[in-house]
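A.B. asks:
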Amino acid sequence: WNLAEANHFSANGTIMHQAHNDYLETAAEQGAPGLVVLLVTILLAMAYSFDTWKNATPPAERRMALAMFGSVVAGSVDAMFIFNLQTAASATALWAIFGLIAAQRSYLLKSEARIAERSGNVAIEVRDVVIENETVPVK
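The opening position of the sequence shown corresponds to residue 224 in our numbering, with each subsequent residue numbered one higher.
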């Protein structure tokens with residue numbers, strides 16, 4: 224604080240209740256384990272949305288994944304300068320985006336599993352060839 228701010232807050236008896244940095248506030252309130260959980264959650268959301276953007280084939284899914292990645296990055300950077308995870312509206316929006324990222328990731332993994340299963344069934348059907356009553360494995 225500069226001298227004017229220090230005099231203003233001391234004269235009015237104002238006490239700041241927020242750290243104006245969500246990461247510092249989380250570390251102060253919940254300790255290192257809380258901070259690690261928060262950072263891992265944010266990093267996983269970024270990694271999942273980036274991976275979905277990179278691997279999704281429909282353009283709409285790619286755009287949605289990129290938008291969610293940008294939202295998480297913007298919210299994470301904003302959390303360094305203000306306490307947006309302590310306000311209901313901002314925190315709800317960010318956690319909803321985390322949920323959407325998890326749902327999109329789950330949908331992508333399930334669709335990849337279905338594709339792999341279908342191609343696996345085709346491989347099983349042509350795995351063995353019968354030639355004159357003898358089974359010859361296909362290499």
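Each residue gets a CB set at the ideal place from its N, CA and C atoms; glycine is no exception.
Can you give me the C-alpha to C-alpha distance between Leu289 and Ala326, rounded to a whole angstrom?
C.D. replies: Stepping through the sequence shown from its first residue, residue 289 is reached at position 66. Stepping through the sequence shown from its first residue, residue 326 is reached at position 103. Using only the alpha carbons, I get a separation of about 15 Å.
A.B. asks: Taking the alpha-carbon of Ala319 as reference, which of Thr280, Phe292, Phe273 and Leu258 has the nearest alpha-carbon?
C.D. replies: Translated into the one-based positions of the sequence shown, residue 319 becomes position 96. In terms of Cα proximity to Ala319, the closest of Thr280, Phe292, Phe273 and Leu258 is Phe292.
A.B. asks: Compute the beta-carbon to beta-carbon distance between Ala302 and Tyr246, rounded to the nearest angstrom, for a pair I have assumed lies under 8 Å.
C.D. replies: What you label residue 302 is simply residue 79 of the sequence shown in a count that begins at 1. What you label residue 246 is simply residue 23 of the sequence shown in a count that begins at 1. Contact between Ala302 and Tyr246 holds, since their C-beta atoms are separated by about 6 Å, short of 8 Å.
A.B. asks: So for Met291, helix, strand or coil by DSSP?
C.D. replies: Taking the first residue of the sequence shown as position 1, residue 291 is located at position 68. Met291 falls in the helix class under three-state DSSP.
A.B. asks: In the DSSP assignment, find the unbroken alpha helix (DSSP H) run with Leu267 in it and report its ends.
C.D. replies: Reading the sequence shown from its first residue, position 44 is the one you call residue 267. Residues Asp245 to Asn278.
A.B. asks: Report the rounded CA-to-CA distance for Glu248 versus Val295, giving the unit in angstroms.
C.D. replies: Numbered from 1 along the sequence shown, position 25 holds the residue referred to as residue 248. Numbered from 1 along the sequence shown, position 72 holds the residue referred to as residue 295. Cα to Cα, the separation comes out at about 19 Å.
A.B. asks: From Lys363 to Arg328, what distance separates their C-alpha atoms?
C.D. replies: Any question about residue 363 goes unanswered here, given that the chain covers just 224 to 362.
A.B. asks: By the three-class DSSP mapping on this structure, what secondary structure does Ile338 have?
C.D. replies: Indexing the sequence shown from 1 puts residue 338 at position 115. The answer is helix: DSSP assigns Ile338 an H, G or I state.
A.B. asks: Whole angstroms is fine: what's the gap from Met287's alpha carbon to Ile338's?
C.D. replies: Here residue 287 corresponds to residue number 64 of the sequence shown, with the count starting at 1. Here residue 338 corresponds to residue number 115 of the sequence shown, with the count starting at 1. Cα-Cα distance, rounded: 22 Å.
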